[in-house]
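Asker: Residue numbering for the sequence shown is 7 to 73, as defined by the working numbering.
This structure is in structure tokens; I'll ask about it shortly.
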Amino acid sequence: MTNDKLPIVGGYQDVANILGVTRGAVYDRWKRMQSPNSRSDFPHPVAFTPSGQPLWDLNEIRKYAGK
């Protein structure tokens, strides 16, 4: 086992809280990112729950938000 820290991850609501938007807005952004023509700079999820819900590295989200 290494000493590398695992990222702090969160789902739609956690990301929405950081960005100051609704959970639905994060969901919509995630769905648009999945389009083959998407040019989004929104961070990609680092993991998925067993049910398929994306989980983002919350530090990446904070960087994206400029916080």
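Every residue, glycine too, gets a C-beta built ideally from N, C-alpha and C.
Who are the Cβ neighbours of Met-7 in its own chain at under 7 Å, not counting the five residues just before and after it?
Answerer: The pLDDT assigned to Met-7 is 47, lower than 50, so where the model puts this residue is not dependable; a value taken from the coordinates is nonetheless given after this. Cβ within range, chain order: n/a, list empty.
Asker: Please go through the same chain and pick out, in chain order, the residues whose beta-carbon is closer than 8 Å to the beta-carbon of Leu-64, but skip the five residues on each side of it.
Answerer: Excluding residues within five positions, the ones whose Cβ falls inside 8 Å are Pro-13, Ile-14, Val-15, Gly-16, Asp-20, Val-21, Ile-24.
Asker: Pick out whichever of Thr-55, Gly-72, Lys-73, Asp-47 has its Cα sitting closest to the Cα of Tyr-18.
Answerer: Thr-55
Asker: With a threshold of 8 Å on Cβ separation, who are the neighbours of Lys-73 within its own chain once the five nearest residues in sequence on each side are excluded?
Answerer: Ile-24
Asker: In three-state DSSP terms, what is Asp-10?
Answerer: coil
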